[in-house]
Structures are given as structure tokens and as C-alpha cells.
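So the protein lines, in turn, are chains V and E. Numbering of the first sequence is given in the numbering used here, commencing with residue 23 and proceeding in unit increments. Numbering of the second sequence is given in the numbering used here, commencing with residue 27 and proceeding in unit increments. Every residue gets a Cβ at the ideal spot worked out from N, C-alpha and C, and that includes glycine. Keep in mind the model is a prediction, meaning the values are calculated, not measured. The structure appears below as C-alpha cells.
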Amino acid sequence: MFKKMTSAEKREAKWAYFFVAPTIIGLLILNFYPIIITIWQSFCKTGDFGRGNVFVGLANYQAVLTKTETWQSLWNTIKYALIEVPFGVVIALILAVLLNKKIAGRSIYRTIFFLPMVCAPAAVAMVWKWLYNTQFGLLNNIFHSSVSWISDPKIAWISIGIIGVWSIIGYNMVLFISGLQEIPGDYYEAASIDGATGLRQFLNITVPLLSPTTFFIVQTRIIGALTVFDLMFMVMDKSNVALPNVQSIVYLFYQYSFTNGNKGYGSTLVIVLLVFIMILTYFLQKLEKKIVYQN
Amino acid sequence: MKKNVLSLFFAVALAVSLAGCSGSSGSPSAAQGGGSTDKLIVNIWDNNQLKGLQEIADEWSAESGVKVQINVVDWDNYWTLLEAGASGGEMPDVFWMHSNTAQMYMENDLLLPLDDYIKNDSAIDLNNYYEGIVELYKRSDNGVQYALPKDHDTIALLYNKALFDKYGVEYPNDDWTWEDLRDAAAAITEAGKSESIYGYALNTTNNQDGWYNIVYDYGATIINDDHKGTTIGSDEGKAAMEMVRQLLEVATPQTTVAETGTDSLFKSGLTAMISQGSWMINSFYTAENASDYAWAMLPYADVNGNGQCDDGERYSAYNGLGWAASSETADPDAAYSLISYFCSEKGQKEQAELGVTMGGMKGVSESFANAFPGMDVSAFVRAEEEGELFFRPYTRNTTVWEDGIQQNAFLAAWQNPTDKVLMAKACDQAQQIIEEAIANE
């Protein structure tokens with residue numbers, strides 16, 4: 023690859039490699055090495071403390087794929103994503119459009135909406151856990167109700183989803199605002215002269231021109247939502263009856279790998295998730311060409 | 027296309043990197059012995075004991091010149107952290123061991139073998155400790171001792187006198203059977219309906235201080251003495267779980283307990299009785315309404331129906347933690363010296379006097395009952411004098427079946443305590459889950 027380069031170009035390329043090296047090395051050690059080990063472990067009956075792994079072929083895969091628990095958790099994860107991604111994106115988009123206008127106290131509002139992103143997820147979960155508490159929770163106190171927000175299997179997944187939406191809105195909003203600011207004002211001016219209303223402008227200018235940003239957010243959030251763990255882990259107790267209907271696949275992975283010490287089985291679970299995300303991402307990439315506005 | 031594949035890979039790499047923590051297969055360096063240090067890191071999981079233990083440790087520091095830093099990590103994360111540390115070679119110097127996992131840690135040579143130290147230590151004689159606990163921390167294949175008994179605990183019934191007075195129900199006493207408890211709980215639950223006050227609360231994840239005791243009272247076992255099987259699915263086991271079902275029928279619903287916890291419910295005056303282990307006394311002793319609280323022995327099961335408590339009808343679970351050191355500690359001599367100080371007669375007596383816990387050494391715990399002036403905690407001592415003790419059920423990898431029977435056998439049954447058949451079925455499932463887990467160990 024160096025052959026066709028002039029010596030100046032070669033020198034430049036060397037420096038380029040030098041500058042990306044720290045990131046690449048970090049990725050190799052912190053991401054790629056663990057991935058390979060994880061894949062290897064998924065074919066093993068792992069010994070205690072990572073010693074004495076025995077190769078067992080596809081036995082773990084057979085066990086994982088034939089358990090209803092796996093599919094239930096995958097479905098739980100998808101349900102969570104179905105709440106977090108659409109609501110997180112739509113609400114953030116509306117807020118971004120509103121906060122992109124010149125209104126008084128704009129930066130204060132932006133800060134307020136972004137604040138959940140700054141809080142530690144564990145702290146967020148603890149606060150919500152108490153808000154939702156059936157006996158002493160603020161929500162039931164305000165509404166004079168006695169809803170089991172997080173232990174009724176029918177609604178617990180929605181309650182968890184709401185926390186997810188609340189936590190992510192600010193982040194999505196900031197990305198949307200930066201996307202909005204890249205849309206030239208001329209288009210809106212021209213549209214106004216032609217007599218387009220605010221809503222028309224939003225649908226015909228903002229939405230298509232913002233679609234690369236929207237797509238980026240949707241794609242990263244889908245992956246983020248499918249790997250959710252902390253919310254379920256922090257909010258729900260082990261004896262919670264709704265847990266089987268809410269626990270995500272990564273929660274199950276944690277349970278097997280770290281609580282039960284069965285790392286082989288746990289690794290298999292994440293590999294299954296990995297394949298699922300890969301397939302999904304492949305189709306999303308295909309979709310991108312069709313629906314995303316390209317200059 | 028190529029670019030797409032690459033970006034796909036990166037996106038997914040991000041998603042899976044969290045699995046990375048599991049991927050360590052490093053072999054521990056063989057470095058042992060030799061070095062010295064000026065600070066020992068100690069990990070424990072019970073915040074209630076921190077103050078007392080730090081006091082004892084500080085005395086040791088004054089003698090040895092080595093500082094002791096005690097970290098509290100809550101129960102669930104304690105084991106996750108310790109295992110990650112063990113895999114990566116970063117364990118604390120001195121820490122607590124527990125029956126759930128002791129065998130696994132010993133078999134993998136992660137703990138410092140103590141035999142040679144004990145032989146040369148005049149302060150420690152293993153005959154002075156509870157046999158079950160000494161035995162527990164002996165490796166099963168070669169008999170090497172890896173931890174010294176720190177304490178032992180028993181279970182008793184805690185009740186709120188104010189609630190019993192309010193509803194005119196007689197206080198629990200030592201002659202109570204589980205049926206008596208059920209009837210008293212039912213009376214309070216019925217009377218307290220409008221205020222959502224319940225007579226009894228049982229956190230089903232707290233097995234050692236809860237339903238395990240009932241199983242043994244009725245003559246069944248969770249894990250047999252040889253650690254190779256269970257009788258939870260037997261008729262006795264089913265009779266016991268039927269009692270648990272009846273208790274749950276009149277107890278605080280499990281949905282509530284899962285969110286708030288029995289100790290919080292009790293302290294807020296929303297439940298009149300809970301069973302608790304002796305390690306929790308301090309938490310209730312220092313509570314706001316402590317003067318309303320009193321302890322009684324756990325009820326017994328009148329299996330033969332003669333109206334009195336016979337041998338084998340009243341059980342309390344007991345367990346004992348062990349003080350262990352990491353096999354890779356920088357200063358094994360100092361680590362053992364600290365353990366020896368904690369477990370010596372002086373350290374054990376002080377631990378009881380300070381009200382931290384009852385001792386792992388026999389005959390040092392009388393002072394424990396006096397550590398709480400104004401609160402009679404003798405029920406914990408009487409539990410072992412008048413009743414019998416069974417060691418907390420364990421196998422090589424206890425959490426597998428413990429979680430298994432919780433999540434996959436009993437969960438539905440104790441959410442729907444009115445369903446008698448469901449509970450009996452759950453016992454059979456539990457039997458199967460435990461046997462399977464043991465077969466895979």
C-alpha cells in the first residue's frame with residue numbers, strides 16, 4: 023500500500039498511524055481481545071475464575087436457544103427498545119425544534135433537559151425506584167392511587183421504558199439541535215415567501231434535511247436499548263414477580279456470568295445478542311439508502 | 027459495501043464490549059510470601075459491623091503498625107467484585123468467606139492456607155470454635171484450613187409490641203407453633219386492613235432467616251447432610267411449604283415486599299412480625315421505635331401433634347463467616363496476624379461485647395446478649411440452647427440452585443399463595459432444580 027506513495031505521503035502516513043495508534047491499541051485491548059475471548063468462551067464449559075475451560079462445541083448454543091427464558095428476555099429487550107427509541111426520538115425532536123427558536127431562557131431549558139444525561143445511571147434508577155414505590159412512592163401519593171408500577175408484570179416494562187426515555191431525551195435533543203443548526207435558514211425564508219405554514223415547513227424541510235441525524239440517533243439508540251441492563255438491575259429486586267417479564271438479555275447474561283459463575287453460558291447469550299444486533303444493523307443500513315435524504 | 031461491513035462491525039463491537047469483563051484467563055502469579063506492607067485492605071459486606079470491626083482492627087494496628095482499611099461492598103456486588111478480583115489477581119488482602127462459595131475459592135487456591143500459621147499460633151485452637159464452621163472452611167479433598175470462624179448467627183422472631191397492643195393480640199411466646207403465628211398474623215392483617223398493616227411479612231429471597239427454618243422444622247431438608255441431594259419435594263417438604271403458603275396468605279403481598287423490603291416495612295409499622303438473623307439486631311436496636319420491638323424464639327412445628335416442642339421440631343439456621351486472606355496478599359504474615367487477632371479469644375469477646383455479632387468461638391457470646399441494654403435479645407442464644415441448629419444449606423455453587431428455585435420454582439407459587447396445588451408442584455420443581463444443579467457441579 024506504500025508503493026504508489028511519494029516519500030512525503032509516506033511520511034505523512036506514518037505520522038497518521040502514530041496518531042491513531044493510541045485509539046487503535048485501546049480498541050484492540052479493550053474491545054477486540056474481549057470479543058474474541060467471549061466468542062471462545064461461548065464454546066466452552068468454563069472453569070471457576072477463568073481457569074480450566076473445556077471445549078464443548080455447540081452445547082451452550084443448544085442450551086441457550088432451546089430455553090424459553092432466552093427468547094422471553096430477547097422479547098423483553100425488544101419491548102424496551104420499542105418504547106425507548108420512538109418516544110426518545112420524537113420527544114427529543116419536538117424539544118429540539120422548540121429550543122432551536124430564539125426564546126427567553128433557552129439555554130436554561132436546554133440544560134434542564136440535558137441534566138439526566140449527566141447523572142449516574144445508578145442514581146437515576148434509585149430515584150425512580152422510590153418514585154414508583156407502591157407504598158411510599160411520590161407517584162402514588164400524587165395520584166392517590168396504589169398502582170404497582172414496577173411489580174405488576176403488565177405495566178412494569180412500560181415503567182422501566184419511561185425511565186429510559188426520560189434519561190435519553192436530553193442527549194438525543196442535543197444531537198438534533200446540532201443537526202437543525204446545519205439546515206440553512208434560506209430554505210425556511212423561501213418557504214415563508216411561498217406561503218408555507220410552520221407545520222408544512224417542519225414536515226417538508228426540517229424532517230427530510232434532518233434525516234441523516236435522525237437515522238444516526240435511531241441506529242445508535244436501537245443498539246443502546248438492546249444492550250440495556252442497569253435500569254432493570256437497579257430498579258427491580260430479585261423477588262419481583264415482574265422480573266421475568268422485564269429482564270433484558272444482558273441482565274440474563276449478568277445473572278449467568280457473574281452471579282452463577284457460568285461464563286460459557288453467559289458468553290453464548292451475548293453472542294446471540296451480537297448476531298441479532300448485526301442482522302438488525304445490516305437491514306438498517308440497507309434502509310438508510312432508501313429513506314435518508316442525501317445531498 | 028466494504029465500508030458498511032466495517033462500520034457494522036464497529037457498531038456491534040461497541041455493543042459487545044461490555045461482555046469484555048468476563049474475558050480474563052490470566053494465571054495468577056506464583057508470588058507468595060516475603061513482602062511486607064503498611065496497609066491491609068479488608069472487604070466486608072455488612073455496614074452494621076463496620077464500626078465495631080474497625081475498632082478492633084485499630085487496636086491491632088496500634089500493635090502491628092500496619093493500617094487497616096475496611097471497605098463495605100453490599101452482598102450482591104461483594105461476590106461479583108471478589109470473583110472479578112480473583113480472576114484478575116486483584117483481591118483484597120483480608121475478607122469474609124461464606125458457605126455459598128467457600129469450596130470454590132479453596133479448590134482454586136485463591137485463599138492463603140492457614141495450617142502452618144495456626145500450628146505456630148498459641149492464640150488459636152480450632153477445637154474452641156463451632157465445628158460446622160471450622161469444617162466449612164476446610165478444603166474437602168485435602169483438609170487444609172483456609173479461613174478461621176469469625177462469628178455464628180441464629181434466627182429469631184421480631185415483633186412490634188405496639189401493633190399487638192393496638193389490635194389486642196397476644197404477644198408471641200416460646201410455645202408458639204407456626205399455626206399460632208399464622209393465626210395471630212391473620213388477626214392483625216384482618217384488623218389492620220384499612221391501614222394496610224399486615225401481621226407478618228416474609229421476604230422469600232431471605233431464605234436463611236425465613237422459610238428454610240420452616241422446612242427443617244417439618245423434617246425436610248434443603249440440602250442433605252452429604253451435600254448431594256435434597257428432600258424439598260418429599261411429603262415433609264410439601265407440608266412445610268404448605269405452611270409457608272398459609273403464612274403468605276395472611277402476610278404482606280410479595281409485590282410489596284419486593285419493592286420495600288421487610289425491614290423497612292417493619293420499621294415503618296406496616297407489619298407486626300418478621301423473622302431476622304442475629305446479624306440484623308443492631309439495625310433494629312438503633313431504630314427510631316426500638317422500644318416497641320421485642321424478640322421471641324422462632325415458632326416450632328408440632329409434627330407429632332402432642333402439643334409440645336420435641337426434639338427436631340424447632341430449628342434455627344446457623345451460619346458462620348470466615349476470615350480469609352488472599353493467597354496473593356503482599357504481606358501474608360500481617361494478613362494472618364490480623365485474622366488471628368479477630369479470631370482470638372480477646373477479639374471474639376470484644377466483637378460480642380461491641381454487639382457486632384456472636385462469636386465463632388464457643389462460650390464468648392454471653393456478653394452479646396448484654397450489648398443491647400434495654401432490648402432482650404436472648405432469643406438468639408436460647409434458639410441454640412433449647413432448639414436445634416442446622417447449618418445454612420450449601421453446595422459447591424450454592425447460588426445456582428438458590429436463584430434457580432427462587433426464579434423458576436417458587437416465584438409463581440408465592441405470588442399466588444391461595445393456590446395450594448401450585449405450591450406442591452413448585453416443591454417438585456425445586457427438587458428437580460437442586461438435583462440438576464448438584465449434578466452439574
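The C-beta of D429(E) comes closer than 8 Å to at least one C-beta of chain V. Within the region 107 to 195 of chain E, the complete alpha helix (DSSP H) segments at least 4 residues long are 128 to 133, 141 to 145, 157 to 162 and 187 to 192, listed from N- to C-terminus.
Counting the other CB atoms within 10 Å of its CB gives L137(E) a total of 16 or more, which places it among the buried residues. Only buried fits F310(E), as 16 or more other CB atoms lie within 10 angstroms of its CB. Judged by DSSP in its simplified three-state form, T45(V) adopts helix. Shown here, W105(E) sits in a helix according to DSSP, grouped into three states. Taking the C-beta atoms as reference points, A112(E) is found nearer than 8 Å to F71(V). Under the criterion of beta carbons closer than 8 Å, V272(V) and V297(V) do not qualify as touching, at roughly 14 Å.
One Cα belongs to V146(V), the other to D191(E), and the distance between them is close to 41 Å. T425(E) carries a helical assignment under DSSP once its states are collapsed to helix, strand and coil. For K264(E), the enclosing alpha helix (DSSP H) starts and ends at D261 to V276.
Contacts with chain V at 8 Å (Cβ-Cβ) include A284(E). I67(E) is positioned such that its CB atom lies closer than 8 Å to that of N97(E). When DSSP states are grouped into helix, strand and coil, T219(V) belongs to the coil group.
Each of P206(V), F40(V) and V257(V) was checked against the Cα of L232(V), and the nearest Cα belongs to P206(V). Taking A463(E) as the centre and dropping the five residues before and after it, the same chain places the C-beta of T421, N423, V426, W427 and G430 closer than 8 Å to its C-beta, in chain order.
In the structure shown, C369(E) falls within a helical segment according to DSSP collapsed to helix, strand and coil.
In this structure, the beta-carbon distance from A284(E) to S261(V) falls below 8 Å.
Within chain V, the C-beta atoms nearer than 9 Å to that of M130(E) come from D70, F71 and G283, in chain order. For G192(V), the enclosing alpha helix (DSSP H) starts and ends at A178 to Q203.
Under the 10 Å beta carbon count, M323(E) is surrounded by 16 or more other beta carbons and is classified as buried. Straight through space, the alpha carbons of E133(E) and Y156(E) are spaced by roughly 22 Å. Take Y131(E), set aside five residues on each side of it, and the residues of its chain with a beta-carbon closer than 6 Å to its own are L137, in chain order.
With contacts defined by Cβ atoms closer than 8 Å, W349(E) and V92(E) do not form a contacting pair. Per DSSP, F436(E) lies in no alpha helix (DSSP H) segment and is marked neither H nor E. Your pair I248(E) and I258(E) checks out as a contact, with CB atoms roughly 6 Å apart and the cut at 8 Å. Annotation note: the region 317 to 360 of chain E contains the following uninterrupted beta strand (DSSP E) runs of length 3 or greater, listed N- to C-terminal: 319 to 323, 341 to 344 and 348 to 351.
In this structure, DSSP gives N122(V) a state outside helix and strand, which the three-state scheme calls coil. Counting other Cβ atoms within 10 Å of its Cβ, Q171(E) reaches 16 or more and is therefore classed as buried. T281(E) belongs to the set of residues whose beta carbon lies under 8 Å from a beta carbon in chain V. According to DSSP, T203(E) shares a beta bridge with Y326(E).
For R408(E), same chain residues with a beta-carbon under 7 Å away, outside a window of 5 residues either side, are M323 in chain order. Boundaries of the alpha helix (DSSP H) around G78(E): L76 to S90.
Short of 7 Å from the beta carbon of G218(E), and not among the five residues preceding or following it, lie these beta carbons of its own chain, in chain order: Y193 and Y224. For the region 239 to 266 of chain V, the set of positions with a beta-carbon nearer than 9 Å to some beta-carbon of chain E reads Q241, T242, I245, G246, L248, T249, F251, M258, D259, K260, S261, N262, V263, A264, L265 and P266 in chain order. Rounded to whole angstroms, E310(V) and Q432(E) show a C-alpha spacing of 45 Å.
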